[in-house]
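S.K.: In my numbering, the protein residues as written are 4 to 375.
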Amino acid sequence: MGSNTALAMPNAPEEVTLGWLQTIFGDKTISSFTITEKRLFETSSKLYITLAYEGDDDANAAKPRHILLKGGFNPAMFAIPGYKPLLLGAYTREVDFFTRYARTLPADIGIHLPKVWWAAASPDQAILAMEDLGKSGFEFGDPTRTYGLASVLNGVEQLAALHVRTWGWTTQEHPWLAAPMYDDTMRGLLAMWDELILGEGRPPLPGVIRDDRARTSRALEAYFSTRNPRFRSLLHGDPHSGNTYHRAGDETDVRFLDWQITHIGSVFHDVAYFAVGMLAVEERRAREWEVVEHYLKAVARLGGLTLSVDDPEVRAEYRKAQMTGLGWILTPYAMQKEERVRAMVERYATSIADHRTIELLTGEEEAATGTA
């Protein structure tokens, strides 16, 4: 994988040039390119590009034809007050994930990742040149719908492979993960409470979330400060269904993309966030502890700790991790389509209420039971 941080990077689609593409791929035989699609009004901009080469087709058969440039190609998004540092931080974190970690993984590790040919970041831009998964025979997850248990069980196996390899990591040992990007992002979104919780057209919420801003804020801060170091690892950080892909025709072949919020935290952040967003509410209520148990067995099988679903710390950590669903509850329609937000908010808000997560985090549950 290439990574030339000294190379000037394009900041808009029209700034992508043939010479720049030849440089990042290290291939002067690229003769032309066509931007076939632009997606500029998403969290990260995406440019879908087809490459052409000099010479005969046989000589170029192994070279990439269809690529995706992912980064900040919409100056209007960067111009929104407060958005540029948030977005650039996310783009840079994904570049760091691929250049500092993913490139070190052996082929048989069990984590399926998109092919990335080049990635680099600067103070004003961060770009990945990666495979166009749609052209490679993959389909993408859809947050507006739910998925079956088999998809969720296979997905938590992927998460277990990531977690086991990085279990016990600290930000002191891996300073590229030191910035508390996830925590700060959540705090920034929570600051827009009136717009995102109480605003006109926002999804309905249970009173336990909506009615007391200070209480919900205390619960979020308690979640940040009480994550159990016993379960600490590198996380995907944002493994909702919209950040999954699978081979066409096989929804159980779950893989993860969009590693922009990867950070060190509790493994149950990933497990809870993924499972709750994938399953229909009633199936989640009936099967979620089966999902947790399957995940724990995968961790042990891959050489990690042997943990029990009946361990009180496991159960408490999973319940606390429902708070991750607040991320979708606080997602602006400018960052995700309204129909996606509404579908996901129903699942996450219901789960927060079901697990009495806010009561657990604020200490109200403990006070009510009289336990020390």
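Positions of the beta carbon are idealized from the N, C-alpha and C atoms, including for glycine.
Predicted model only: the values in this text are computed from it and were never measured.
(1) Does the Cβ of M195 have 16 or more other Cβ atoms within 10 Å, making it buried, or fewer, making it exposed?
(2) Do you know how far the Cα of G366 is from the Cα of A375?
(3) What residue range is occupied by the uninterrupted alpha helix (DSSP H) comprising F81?
(4) Taking 8 Å as the threshold (C-beta atoms), are F28 and L50 in contact?
(5) Would you check if the distance between the CB atom of I33 and the CB atom of L54 is smaller than 8 Å?
(6) Have a look at the DSSP bridge pairing and note the partners of I267.
(7) Output the distance between the C-alpha atoms of D61 and D135, rounded to the nearest integer angstrom.
(8) How many Å lie between L156 and T174 at the Cα?
(9) E142 by DSSP, collapsed to three states: which one?
(10) Within 10 Å of its beta-carbon, does A303 have 16 or more other beta-carbons around it, so buried, or fewer, so exposed?
(11) Use the C-beta contact count for K31: other C-beta atoms within 10 angstroms, 16 or more gives buried, fewer gives exposed.
(12) I need the DSSP call for H69, collapsed to helix, strand or coil.
(13) Give the straight-line distance between the Cα atoms of A129 and V98, rounded to the nearest whole angstrom.
(14) Using 8 Å as the threshold, is the C-beta distance between Y336 and S244 below it?
(15) Measuring straight from C-alpha to C-alpha, what distance separates T327 and A123?
M.R.: A quick look at the data gives this:
(1) exposed
(2) Caution is warranted here: a pLDDT of 45 is assigned to A375, below 50, making its placement in the model unreliable, and no coordinate value can be reported.
(3) 78-82
(4) no
(5) yes
(6) L237
(7) 21 Å
(8) 29 Å
(9) strand
(10) exposed
(11) exposed
(12) strand
(13) 7 Å
(14) no
(15) 29 Å
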